[in-house]
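Chemist:
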Amino acid sequence: MNASTLFIGGTWTGASDAGTRDIHCPADGELVGTVAEGTADDAGRAVLAARSAFDAGEWSGKSPLERGSFLLKVAARLRERKDEFARAETLDTGKRLVESEIDMDDIANCFEYFGKLAGQESGRLVDAGSPMVVSRIEYEPVGVCSLIAPWNYPLLQAAWKIAPALAAGCSFVLKPSELTPHTSILMMEVLQELGLPDGVANLVLGDGKTVGSVLSSHPDVDLVSFTGGLETGKVIAASAAASVKKVALELGGKNPNIVFADADFDAALDNALNAAFVHSGQVCSAGARLIVEESIAEKFVDELVRRAGQIRLGGPFDADAETGPLISAAHRDKVTAYVDKGVAEGARLRCGGAWGTGDLEKGFYYLPTVLDQVTSGMSVLVDEAFGPVVTVETFTSEAEAVKLGNDTHYGLAGAVWSQDAGKSQRVARALRHGTIWINDFHPYLPQAEWGGFGQSGVGRELGPTGLAEYQEAKHVYQNIDPQVTGWFADHAAAPAGGN
Ligand code: NAD
């Protein structure tokens, strides 16, 4: 069967070599569906379709207000089809249905935010210092965008790119993770159904090395926006550099969760569990490094271990389950090796460190894991586990807390827990991360920029800067009273007053 799940130039099509891929639910291994496995050729065709749609101007030439009102319709349609989308996301990722439902609400909110923002950013006038000059800045679409997304929040991460790209007037080719294609297919259905001109939105499914590398190197692509791992981000940045494409990179994190002794103990503990174990830690901003003040560390960590040991694992439709499986066998092997290496390097395993047993053996479950007695430089402190693993460090002063919080080559997010508002603000200011939560963990807002310092990435998604990523600023300078400058004399002209 040649599954027609690629969307190129407004047409649903199979892969050029008729290749397919089976998608299995990571919670129980059940077959979810069979989709087309795109080829390099398919990726190239999709880029050309996006290019010709962009150049034709049917979308890129629309007014920002018209584009904005289209995005608002997308948001409304996503709300109507929320259940179907949430179910598809859950089957691909294995995450709890309620989590997918929250994601779908967030996606609709994102389209709504950029829909409203689209019409507000119509350029600005610049004072050129003369009444005879009109000087203005226009924001134009950057052009053809490759949007490459990961598997942990498949449609949410894609929406953070699709919504501003469309708001700006760009055309795009989307490549979701090969593991989680179904909600991207549904999204293309919605865009088509609502009348987006052919070729503006294209979808090519397939793996990174085949499809992704074409999308990051093709000469007709103007911008590559990528969310995924650090090593892939480096490959993409290098590939895009050959033709000086713009790049937006949302990479990993090794995020500190700093708890002072004067914090609200119960709230900090509850949120430390959320920070580390929501979606089994497969969250770029997971609070994977608990950094706790020494005077409360023993009590806090004992409680954390006790509570982590109680977390109920289970499939997406199991009403008792509090978190789900890892995405794949390969990823579980990676998390396993990471914890084992940490222990070999001297970390102490306080709980977890093993696969789920019994019914859980059908899926890729890994038990919530706490490691303490970790020291700077250990691989468990340096690398991203991207699983349900939290390490514990302790501090005795505010300065030491900040130093530990910044002891990472990443810089995505972090949290400070304290009832001292001044101390919290000082520490928030000193931390070199793109988002800092004070007395909270994980919330983000579509109107607030998201992205990383250091090797967590380049650029920002969401907020006005998230739209600007998809725009080029053009300066148009009009002299309404042109004069001869006389800079270069006309040496052949007859001298003034001569015969
Ligand atoms: P990944 O880097 O393995 O893959 C991400 C995407 O890149 C996939 O679509 C994949 O097919 C594609 N890809 C792989 N190799 C490629 C290549 N050579 N050229 C082009 N594309 C290629 O990441 P993942 O395992 O899917 O996702 C987990 C990672 O994503 C974690 O590191 C996590 O921190 C990060 N992430 C970051 C954010 C953020 O906002 N900063 C959000 C979610 C996930």
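Mapping the sequence shown onto UniProt numbering, position 327 (from 1) lands on 327, and the numbers just tick up by one. The C-beta atom is built at its ideal place from N, Cα and C for all residues, glycine as well.
Taking only runs that begin and end inside the region 139-194, name each unbroken beta strand (DSSP E) of 3 or more residues, in chain order.
Modeler: Segments of the beta strand (DSSP E) lying fully in the region 139-194: 144-148 and 171-175.
Chemist: Do you know how far the Cα of Leu290 is from the Cα of Glu84?
Modeler: The alpha-carbon atoms of Glu84 and Leu290 are separated by roughly 37 Å.
Chemist: How is Leu251 classed by DSSP in three states: helix, strand or coil?
Modeler: Reduced to three states, the DSSP call for Leu251 is coil.
Chemist: Measure the alpha-carbon distance for Gly143 versus Ile162 and round it to whole angstroms.
Modeler: Spanning the two alpha carbons is a distance of roughly 13 Å.
Chemist: Compare the C-alpha of Pro374 against each of Val402, Tyr366 and Gly342 and name the closest.
Modeler: It is Val, not Pro, that sits at residue 374 in the sequence shown. Considering only alpha carbons, the answer is Gly342.
Chemist: Can we count Ser171 as close to the ligand NAD, meaning its CB is less than 7 Å from some heavy atom?
Modeler: Answer for Ser171: no, Cβ out of range of the ligand NAD.
Chemist: Can you confirm whether the region 346-360 touches the region 404-411 when touching is taken to mean that 3 or more C-beta pairs between the two stretches lie within less than 8 Å?
Modeler: Short answer: they don't touch.
Chemist: One question on the structure: do Gly169 and Glu384 come within less than 8 Å of each other, judged by their Cβ atoms?
Modeler: No, Cβ-Cβ distance for Gly169 and Glu384 is not below 8 Å.
Chemist: With 16 other CB atoms within 10 Å as the buried threshold, where does Gly452 fall?
Modeler: It counts as buried.
Chemist: For Ala237 and Gly486, what's the separation of their Cα atoms in angstroms?
Modeler: About 47 Å.
Chemist: Could you tell me the alpha carbon to alpha carbon distance between Tyr470 and Glu140, rounded to whole angstroms?
Modeler: The straight-line gap from Cα to Cα measures roughly 8 Å.
Chemist: From the beta carbon of Thr183, is the nearest beta carbon of chain B less than 8 Å away?
Modeler: As a matter of chain content, chain B is missing from the structure shown, which is built from one protein chain.
Chemist: Grouping DSSP H, G and I as helix and E and B as strand, with all else coil, what is Gln471?
Modeler: Strand, per DSSP.
Chemist: Write down every uninterrupted run of the beta strand (DSSP E) in the region 336-393 whose length is 3 residues or greater and which is fully enclosed by it, in chain order.
Modeler: Runs found: 348-351 and 369-372.
Chemist: At what residues does the beta strand (DSSP E) containing Phe226 begin and finish?
Modeler: That run of the beta strand (DSSP E) goes Leu223 to Thr227.
Chemist: Is the region 75-83 touching the region 224-244, taking contact as three or more C-beta pairs under 8 Å?
Modeler: In short, these stretches do not touch, since the Cβ pair count stays below three.
Chemist: Closer than 7 Å: is that where the CB of Val301 sits relative to any heavy atom of the ligand NAD?
Modeler: Every heavy atom of the ligand NAD is 7 Å or more from the Cβ of Val301, so no.
Chemist: Give me the Cα-Cα distance between Lys209 and Gly281, rounded to the nearest whole angstrom.
Modeler: Distance between the alpha carbons of Lys209 and Gly281: 26 Å.
Chemist: Check whether the Cβ atoms of Gly14 and Ala40 lie closer than 8 Å to each other.
Modeler: Not a contact, by the Cβ cut-off of 8 Å.
Chemist: Between which two residues does the beta strand (DSSP E) containing Pro256 stretch?
Modeler: Where Pro256 is concerned, the enclosing beta strand (DSSP E) stretches over Pro256 to Val259.
Chemist: Under 7 Å: does the beta carbon of Leu251 sit that close to some heavy atom of the ligand NAD?
Modeler: Yes; taking the cut-off as 7 Å, the Cβ of Leu251 has a heavy atom of the ligand NAD nearer than that.
Chemist: The ligand NAD heavy atoms versus the CB of Glu37: any closer than 7 Å?
Modeler: Answer for Glu37: no, Cβ out of range of the ligand NAD.
Chemist: Since I believe Phe317 is in contact with Leu71 (beta carbons under 8 Å), could you give me their beta-carbon distance rounded to a whole number of angstroms?
Modeler: Not quite, the Cβ-Cβ distance comes to about 32 Å (not below 8 Å), so this is no contact.
Chemist: Looking at the secondary structure, which residues open and close the beta strand (DSSP E) in which Gly19 lies?
Modeler: Counting along the chain, Gly19 falls outside any beta strand (DSSP E), and DSSP gives it neither H nor E.
Chemist: If you follow the alpha helix (DSSP H) that Ile291 is part of, which residue opens it and which one closes it?
Modeler: Counting along the chain, Ile291 falls outside any alpha helix (DSSP H), though it belongs to the beta strand (DSSP E) covering Arg289 to Glu293.
Chemist: Can at least three beta-carbon pairs, one atom from the region 203-220 and one from the region 23-30, be found at a separation below 8 Å?
Modeler: No contact exists between the region 203-220 and the region 23-30.
Chemist: Where does Gly115 sit, in a helix, a strand or coil, going by DSSP?
Modeler: The answer is helix: DSSP assigns Gly115 an H, G or I state.
Chemist: Report yes if the C-beta distance between Arg312 and Leu273 is below 8 Å; otherwise report no.
Modeler: Going by C-beta atoms, Arg312 is not nearer than 8 Å to Leu273.
Chemist: Of the choices Leu203, Met378, Asp105 and Thr465, whose alpha-carbon is the least far from that of Ala43?
Modeler: Measuring from the Cα of Ala43, the nearest candidate turns out to be Leu203.
Chemist: Since Val259 and Trp417 should fall inside the 8 Å C-beta cutoff, what is the C-beta to C-beta distance between them, to a whole number of angstroms?
Modeler: That pair is a contact at about 4 Å.
Chemist: For Thr323, tell me which candidate among Gly309, Gly457, Asp333 and Ala248 has the shortest Cα-Cα distance.
Modeler: When each option's Cα is compared against that of Thr323, the closest is Gly309.
Chemist: If you drop the 5 nearest sequence neighbours on each side, which residues of the same chain put their C-beta closer than 6 Å to that of Leu367?
Modeler: If we look at Leu367 and ignore the five residues flanking it on each side, its Cβ neighbours are Gly352 and Ala354.
Chemist: Which of the three DSSP states, helix, strand or coil, is assigned to Gly33?
Modeler: Of the three classes helix, strand and coil, the one that applies to Gly33 here is strand, per DSSP.
Chemist: Using the Cα positions of Ile8 and Leu186, report the straight-line distance between them to the nearest angstrom.
Modeler: Computed Cα separation, rounded: 14 Å.
Chemist: For Gly346, tell me which candidate among Ala329, Met378 and Tyr365 has the shortest Cα-Cα distance.
Modeler: Residue Met378 is the option with its Cα nearest to Gly346.
Chemist: How far does the alpha helix (DSSP H) with Asn274 in it reach, from first residue to last?
Modeler: Element bounds for Asn274: Phe265 to Phe277.
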